[in-house]
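Protein chains in written order, with our numbering: chain R, 3 to 240; chain S, 3 to 240.
Glycine included, every Cβ here is placed at the ideal spot set by N, Cα and C.
Number of protein chains: 2
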Amino acid sequence: MAGRAAVPEVIWARPERAGRGPRPAFTRADIAAAAVGIADEGGLDAVSMRHVAAALGCGTMSLYNYVPRKEDLYELMFDAVSGEHELWEPSGDWRADMMRVARQTRELMHRHPWLPRLMSPVYGFSPNALRYLEHCLACLDPLQDMKYGMKMQLVGLLNGVVTMYVANELSTAERTRNLPWSEEQENAARIAYLGRQVATGAYPRMAAAFTEDPGPIDLDAVFDLALERVLDGFDPSR
Amino acid sequence: MAGRAAVPEVIWARPERAGRGPRPAFTRADIAAAAVGIADEGGLDAVSMRHVAAALGCGTMSLYNYVPRKEDLYELMFDAVSGEHELWEPSGDWRADMMRVARQTRELMHRHPWLPRLMSPVYGFSPNALRYLEHCLACLDPLQDMKYGMKMQLVGLLNGVVTMYVANELSTAERTRNLPWSEEQENAARIAYLGRQVATGAYPRMAAAFTEDPGPIDLDAVFDLALERVLDGFDPSR
DNA sequence: CCTTCACTAAGTACAGCGTACGTAGTTGCC
DNA sequence: GGCAACTACGTACGCTGTACTTAGTGAAGG
């Protein structure tokens, strides 16, 4: 009988090292690093209990001594990359600080393209996620008249927008990872189909959008612009 | 030899009914409806080729005559629920129209809680998705000086914010669907842990946020407010 | 009309998944 | 030293997507 936990439990609440028994062979950081490495390499779907265990050099079922469910492995991964956020002394310019946070989050997600899929408030309780949130709130200290509830909204909205933006940036790349053809082929096929549909005349505004001179397509600039718009909405001086 | 397609191909580009051979037993709409029903009932993870085939009353492998890959089944599902968008004659007030679009999308996602997970621009080429996008652009006609590129940005950002908002609303509910305990138990465990962490004093602003009077917690009002903020950023009259 | 052949339908099989369970070995505490 | 708690891990089960094979159907061409 292996009396394993079957009760609601946050993984961060269970001690990493128990008092009795042999010294565990790995730390949570080891496991998280292995899983993150696999996900960076082969996508989130490559992260299986068997693969992670193999990367660590242990039996598959031994992993369950550290991670009660696969969900918790995801939680470990999320916390690990949350720790990559650089946290600085707030500058006093909350807009500049929030833009810096957002740009950094975007870079983080480009480094770990599986991260948007794991973005969820249920992972927001991990140590590094809490540190990150506290840092965001610190950056918003200049907004003295804004309630914390609203600040949380602001941070949440900003994170959400960054997540969606990067998810869109990476969508075809991540999709074709498990498909038998390349991203370029996929895009070409879809654009060709779209062109045929628009040519039917059923979507006049879409057609206009496609004939319009797109101007400079600087993804970084578009990102900044969208973010500035969101901040505009919260700026009391506007 | 069953010459199945192994080339990049949008499912909407292949004809639903071939010239020769017996009449197919189902339409794409039948299949989409079955899959949507299963997802509504048991979550997206309950949608397997076997389940959908069983719901249709056919063999598992027969499904592959209609849907070359499971990805395409998702695409069918996305298109089917995209068809549930109500499209009206634009009122001339673009802000009011966009708010109505956003509220409707939120309702749609509450009706189909798996939809946020499928939200991706790669599905934006389906017939109903194109109709929806054209409708959004029509609602933005009053913004005569705005380029279509920017209007696309606006629609994309709005959809993204709605998606993230609803994903957050539903996160614990969808998470506990596959967990052996209830959403309430899960939330209680996490809040208890969070309380313990905040009590350590390591997160002073988080602590302040939790002691602050939260005021009215009307999720609908918060949603509207966040959306209005995003629209503010695009409003030339502000 | 009858042949032809593209198409539909379905079964079998395989590799991979999460994980329940049982067992053996190791270590710290009384 | 003995006991209890813990680690480690192999086996097994039910599930997944889907490649491949075979059989049957029905519209088009001669």
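- prompt: Which same chain residues, not among the five before or five after ARG97 (chain R), have their C-beta less than 6 Å away from its C-beta?
  reply: Taking the first residue of the first sequence as 1, we reach residue 97 (chain R) at position 95. Once the five neighbours on either side are set aside, the close Cβ partners of ARG97 (chain R) are LEU233.
field: Residues in the segment 135-152 of chain S having any Cβ partner in chain R nearer than 7 Å
entry: Within the segment 135-152 of chain S, the residues whose Cβ lies closer than 7 Å to some Cβ of chain R are LEU135, GLU136, LEU139, ALA140, LYS149, TYR150, GLY151, listed in chain order.
- request: Measuring only between beta-carbons, confirm whether VAL124 (chain R) sits less than 8 Å from chain S.
  value: To locate residue 124 (chain R), count along the first sequence from 1; it is residue 122. Chain S places a beta carbon closer than 8 Å to that of VAL124 (chain R), counting this residue as a contact.
- prompt: Going along the chain, which unbroken runs of the alpha helix (DSSP H) with 4 or more residues stay wholly within the segment 161-235 of chain R?
  reply: Qualifying alpha helix (DSSP H) stretches, in chain order: 185-201, 206-213.
- prompt: Using a Cβ-Cβ distance under 8 Å, would PHE236 (chain S) count as near chain R?
  reply: For the purposes of this step, residue 236 (chain S) is taken as the residue at position 234 of the second sequence. By this cut-off, PHE236 (chain S) is an interface position.
message: Does SER64 (chain R) come out as helix, strand or coil in the three-state DSSP assignment?
response: The count along the first sequence starts at 1 and reaches residue 64 (chain R) at position 62. When secondary structure is reduced to three states using DSSP, SER64 (chain R) falls in the helix class.
query: Given a threshold of 16 other Cβ atoms within 10 Å of its Cβ, counted over all protein chains shown, does TRP90 (chain S) qualify as buried or as exposed?
result: In the second sequence, counting from the first residue as 1, residue 90 (chain S) sits at position 88. Residue environment analysis places TRP90 (chain S) among the exposed positions, since fewer than 16 neighbouring C-beta atoms fall within 10 angstroms of its C-beta.
query: At what residue ranges does the segment 78-145 of chain S contain a whole run of the beta strand (DSSP E), taking only runs of 3 or more?
result: Counting whole runs of 3 or more residues, the segment 78-145 of chain S contains no beta strand (DSSP E) stretch at all.
- request: Assuming VAL54 (chain R) contacts LEU75 (chain R) (C-beta within less than 8 Å), just tell me the rounded distance between them.
  value: For the purposes of this step, residue 54 (chain R) is taken as the residue at position 52 of the first sequence. For the purposes of this step, residue 75 (chain R) is taken as the residue at position 73 of the first sequence. The C-beta separation of VAL54 (chain R) from LEU75 (chain R) comes to about 7 Å, placing the pair in contact by the 8 Å criterion.
field: Interface partners of ALA2 (chain S) on chain R, CB under 9 Å
entry: An answer regarding residue 2 (chain S) cannot be provided, because it is not within the stretch 3 to 240 covered by chain S.
query: Cα separation between SER173 (chain S) and PRO123 (chain R)?
result: Working through the second sequence from its first residue, we reach residue 173 (chain S) at position 171. Working through the first sequence from its first residue, we reach residue 123 (chain R) at position 121. C-alpha separation (whole angstroms): 7 Å.
- prompt: So which of S:ARG179, S:VAL168, S:GLN155 has the shortest CA-CA distance to ALA223 (chain R)?
  reply: Locating residue 223 (chain R) in the first sequence gives position 221, counting from the first residue. Nearest to ALA223 (chain R) by C-alpha distance, out of S:ARG179, S:VAL168, S:GLN155, is S:GLN155.
task: With a 10 Å radius around its C-beta and 16 neighbouring C-beta atoms as the bar for buried, classify HIS114 (chain R) as buried or exposed.
output: Counting from 1 along the first sequence, the entry for residue 114 (chain R) is found at position 112. Looking at its Cβ environment, which holds 16 or more other Cβ atoms inside 10 Å, HIS114 (chain R) is buried.
query: Taking 8 Å as the CB-CB cut-off, is TRP96 (chain R) touching chain S?
result: Stepping through the first sequence from its first residue, residue 96 (chain R) is reached at position 94. Nearest CB-CB separation between TRP96 (chain R) and chain S: not below the 8 Å threshold.
query: Does TYR76 (chain S) get closer than 8 Å to chain R when you measure Cβ to Cβ?
result: As a first step, residue 76 (chain S) is located in the second sequence; it is residue number 74 there, counting from the start. Cβ-Cβ to chain R under 8 Å: no for TYR76 (chain S).
- prompt: Quick one: which chain S residues come within Cβ less than 9 Å of GLN187 (chain R)?
  reply: Working through the first sequence from its first residue, we reach residue 187 (chain R) at position 185. Chain order gives the chain S residues near GLN187 (chain R) as VAL9, PRO10, where near means a beta carbon separation below 9 Å.
- prompt: Does any residue of chain R bring its CB to less than 8 Å from the CB of THR165 (chain S)?
  reply: Taking the first residue of the second sequence as position 1, residue 165 (chain S) is located at position 163. Look at THR165 (chain S): its C-beta is under 8 Å from a C-beta on chain R.
- prompt: So does the segment 209-221 of chain S actually touch the segment 146-162 of chain R, counting three or more Cβ pairs closer than 8 Å?
  reply: Cβ pair count under 8 Å is three or more, so yes.
field: Unbroken alpha helix (DSSP H) run spanning ASP42 (chain S), endpoints
entry: Translated into the one-based positions of the second sequence, residue 42 (chain S) becomes position 40. Start and end: 30-44.
field: the segment 12-44 of chain S: positions lying closer than 9 Å to chain R by Cβ
entry: Correct list: VAL12, TRP14, ALA15.
task: Mind reading off the beta-carbon distance from THR178 (chain R) to GLU171 (chain R)? Whole number of angstroms is fine, and I expect it under 8 Å.
output: Along the first sequence, one-based indexing puts residue 178 (chain R) at 176. Along the first sequence, one-based indexing puts residue 171 (chain R) at 169. Actually they are not in contact, since the Cβ atoms of THR178 (chain R) and GLU171 (chain R) sit about 14 Å apart, beyond 8 Å.
field: THR174 (chain S): contacting residues in chain R (beta-carbon distance under 7 Å)
entry: Position 172 of the second sequence, counted from the first residue, corresponds to residue 174 (chain S). Here the neighbours are VAL124.
field: Where ALA82 (chain S) meets chain R, residues with beta-carbon distance less than 9 Å
entry: Start at 1 with the first residue of the second sequence, and residue 82 (chain S) comes out as number 80. Neighbours of ALA82 (chain S) on chain R: none; closest Cβ ~18 Å, over 9 Å.
- request: Ignore the nearest five residues each way along the sequence and tell me which others in SER84 (chain R)'s own chain have a CB closer than 6 Å to its CB.
  value: The residue labelled residue 84 (chain R) in the question sits at position 82 within the first sequence. Excluding positions up to five away in sequence, the list reads ASN130, ALA131, TYR134.
- prompt: Can you give the beta carbon distance from GLN12 (chain R) to PHE127 (chain R), rounded, assuming they're within the 8 Å contact cut?
  reply: Mapped onto the first sequence, residue 12 (chain R) falls at position 10. Mapped onto the first sequence, residue 127 (chain R) falls at position 125. A small correction: the amino acid at residue 12 (chain R) is Val; Gln does not occupy that position in the sequence shown. Rounded, the Cβ-Cβ distance is 6 Å, consistent with contact.
- prompt: Comparing the C-beta of VAL232 (chain R) with each C-beta of chain S, is any distance below 8 Å?
  reply: Working through the first sequence from its first residue, we reach residue 232 (chain R) at position 230. Closer than 8 Å: yes.
message: Under 8 Å, Cβ to Cβ, is there at least one residue of chain R near LEU120 (chain S)?
response: For this step, residue 120 (chain S) is matched to residue 118 along the second sequence. At a cut-off of 8 Å, the C-beta of LEU120 (chain S) has no neighbouring C-beta in chain R.
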